[in-house]
Amino acid sequence: MRRLPPGSLAWLTLHELRGNLRAAGRSKLGQIILALVLLGYTGLGVGLGLLLADEHWQAGPLAWLIALIAAILLFTFMTTQALLASQRTLYEAGDLDLLFSAPLDPRTVVSAKLLGIAGGVMLTFSIFLLPILLPVALLGHPELLGALALLVALALTAACVGLGVTLLLARTVGPRAARTLGQILAALTGASVFLASQLLNQHDDRRESGTVLLFDALRNAGYGKSGLSSLPGRAAFGEPLAMALLLGAALALFALAGWGMRHAFLRSYRAGGARPAAKRAAKGGITRHFHRSLFAAIFAKELRLLLRDPALIFQVLLRIVYLAPILLVAFRDSGSLPMAPTLAFTSVVIAGQLVSSLAWLAASGEDAPDLLKVAPVEKDDLDLAKLLAAMALAAPLGMLLPVAIAIETIPGALITLLFTAGAGGAVGYLEVAHAQPAPRSTFQRRQKGGGIVRNLVEFVIALLLGLAAGVIVYFL
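Just so we're aligned, residue 1230 is where the sequence shown starts under the numbering used here, counting upward by one.
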């Protein structure tokens, strides 16, 4: 950065990328594990490249269609990440006051933010793709380097779409509601292809995966053979014209977004610190905020904080979104339920993960731990109240699959409900008993340090209890 002119687009962009890396920083142990995984992953890519070095292929409509489907999947995930990154940029970064008060062109600031979002998206997916792609390309198939151009084009487009949607939401419903709606939209975007493939599977008599049915539907419709739908595939396999068209279109969209969004970006940021609604007189007096029992007070507090936390709403919604196809399977075939053991296993594992997250928020994410230490309440009673509150908040989701199982077997539903509650109680107790005070804003990065081992233990507990529930339901 020292060799770049301070305040230039390149300087600001590099600063954004460094900030992204710092925000995703890991412990030394995590860095070592990541380096070893990448080294092994790259070795796998080198081995695959040597194996395919003497193979010769000619990309055609089938390969182009596969590349198109892969590009669609990547774009949905990239857009999800871009939506979340745009919200962090607008409402959490904290550096926009300094940037907009500096003698800089707002277009430069917006362009740097866009490049930072695109760079973060690109980095995330490059870790998964490049260790395999680059060795294969360099060891005999240089045409696959076109996939890099496709990846850059997708990242730039996703960044523009993510920031544009975030600004549109902020302008339409206000900054506070935009944060929650943005998290919900990000969850639905990330799961859109998954849900589409599963819904296709529900309307087809064949017992094939939804992905295969999606592939067949696109192939039968003629996608990927010619025209615009073949451009991603042609670019991925190194056709210069397709690469130039995709990169040119992405760069043009990026330039247009940087020019057209600068005023909207500034308005949304300024509105982010404003009060979203006028003050309203309290109704019912202050008494309604107090509760006679410790559990009622803890539950009311955690429920109120949950409804105010867009990041947690995003996590909960993701579990519901991915649970929906399982419920569709459960009610398929005229109400019969051939998958009771699988549903029991799924219910236990999902409930365990959800209670773990809620218990972390209730215990480690406590906003006033010092106040609770001096409160006239036994710590064991307080921990029990937090655990029960976390389980109560997760109960509506945890009861969905047992209700589905009850259509076929009432005892199986009761067993599933028992093991679901047991898994939630076990993993929740571990979170509460080993709570380490941390800001609620670090919820997404709670796996750092000793949390990695604890999360692994919690997952194993939920997995074993889920397997036990599935086996018992199977033999009922």
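Each residue gets a CB set at the ideal place from its N, CA and C atoms; glycine is no exception.
Predicted model only: the values in this text are computed from it and were never measured.
Cα separation between residue i and residue j?
i            : j            : result
residue 1352 : residue 1473 : 22 Å
residue 1602 : residue 1610 : 12 Å
residue 1243 : residue 1591 : 37 Å
residue 1239 : residue 1485 : 18 Å
residue 1503 : residue 1399 : Legend: pLDDT at residue 1503 = 45, less than 50; position of this residue unreliable, no value from coordinates given.
residue 1492 : residue 1337 : 12 Å
residue 1475 : residue 1313 : 25 Å
residue 1646 : residue 1638 : 12 Å
residue 1677 : residue 1683 : Model confidence at residue 1677 stands at a pLDDT of 45, short of 50, so the residue's coordinates are unreliable; what they give is reported in the following sentence. Each residue's Cα considered, the two are about 10 Å apart.
residue 1408 : residue 1347 : 20 Å
residue 1707 : residue 1379 : In this structure the chain extends from 1230 to 1705, so residue 1707 is not present and cannot be described.
residue 1685 : residue 1265 : 19 Å
residue 1339 : residue 1490 : 8 Å
residue 1526 : residue 1450 : 57 Å
residue 1446 : residue 1569 : 30 Å
residue 1328 : residue 1319 : 12 Å
residue 1326 : residue 1480 : 28 Å
residue 1640 : residue 1698 : 11 Å
residue 1360 : residue 1368 : 13 Å
residue 1705 : residue 1268 : 47 Å
residue 1414 : residue 1299 : 21 Å
residue 1765 : residue 1572 : The question about residue 1765 has no answer, for the chain in this structure spans 1230 to 1705.
residue 1260 : residue 1391 : 29 Å
residue 1401 : residue 1654 : 41 Å
residue 1703 : residue 1290 : 45 Å
residue 1411 : residue 1421 : 15 Å
residue 1586 : residue 1597 : 19 Å
residue 1277 : residue 1487 : 40 Å
residue 1287 : residue 1247 : 40 Å
residue 1283 : residue 1335 : 52 Å
residue 1444 : residue 1418 : 19 Å
residue 1625 : residue 1262 : 37 Å
residue 1448 : residue 1281 : 27 Å
residue 1317 : residue 1397 : 16 Å
residue 1389 : residue 1406 : 21 Å
residue 1599 : residue 1666 : 10 Å
residue 1478 : residue 1292 : 23 Å
residue 1608 : residue 1574 : 33 Å
residue 1534 : residue 1273 : 45 Å
With distance defined between alpha-carbon atoms, name the residue in the options nearest to residue i.
i            : options                : result
residue 1465 : 1531, 1608, 1392, 1362 : 1362
residue 1275 : 1301, 1365, 1344       : 1365
residue 1374 : 1454, 1593, 1469       : 1469
residue 1482 : 1334, 1343, 1325, 1335 : 1343
residue 1395 : 1576, 1649, 1494       : 1494
residue 1663 : 1589, 1450, 1290       : 1589
residue 1595 : 1635, 1575, 1528       : 1528
residue 1308 : 1331, 1614, 1578, 1350 : 1350
residue 1321 : 1571, 1497, 1605       : 1497
residue 1315 : 1245, 1705, 1263       : 1245
residue 1456 : 1273, 1263, 1414, 1297 : 1297
residue 1441 : 1391, 1294, 1331       : 1294
residue 1377 : 1393, 1354, 1280, 1397 : 1354
residue 1356 : 1271, 1665, 1397, 1574 : 1271
I'd like to know whether the C-beta atoms of residue i and residue j end up nearer to each other than 9 Å.
i            : j            : result
residue 1387 : residue 1310 : yes
residue 1652 : residue 1584 : yes
residue 1371 : residue 1467 : yes
residue 1616 : residue 1581 : no
residue 1593 : residue 1687 : no
residue 1627 : residue 1642 : no
residue 1341 : residue 1241 : yes
residue 1523 : residue 1606 : yes
residue 1532 : residue 1576 : no
residue 1471 : residue 1459 : yes
residue 1249 : residue 1345 : yes
residue 1701 : residue 1648 : yes
residue 1333 : residue 1453 : no
At a cut of 8 Å, does the region 1301-1308 reach the region 1379-1397 through at least three beta carbon pairs? In short, these stretches touch, since the Cβ pair count reaches three.
At least three beta-carbon pairs within less than 8 Å, the region 1687-1704 to the region 1615-1632: The region 1687-1704 makes no contact with the region 1615-1632, as fewer than three CB pairs between them are under 8 Å.
What residue ranges within the region 1604-1687 form continuous alpha helix (DSSP H) runs of no fewer than 4 residues, ordered along the chain? Secondary structure remark: continuous alpha helix (DSSP H) runs of at least 4 residues inside the region 1604-1687, in chain order: 1608-1627, 1629-1635, 1639-1662.
Beta strand (DSSP E) segments (min. 3 residues) lying fully within the region 1279-1326: Counting only runs of at least 3 residues, the region 1279-1326 fully encloses no beta strand (DSSP E) element at all.
List in chain order: all unbroken alpha helix (DSSP H) runs of 4+ residues lying wholly within the region 1335-1420. DSSP assignment within the region 1335-1420 yields the following whole alpha helix (DSSP H) runs of 4 residues or more, N-terminal first: 1335-1367, 1375-1402.
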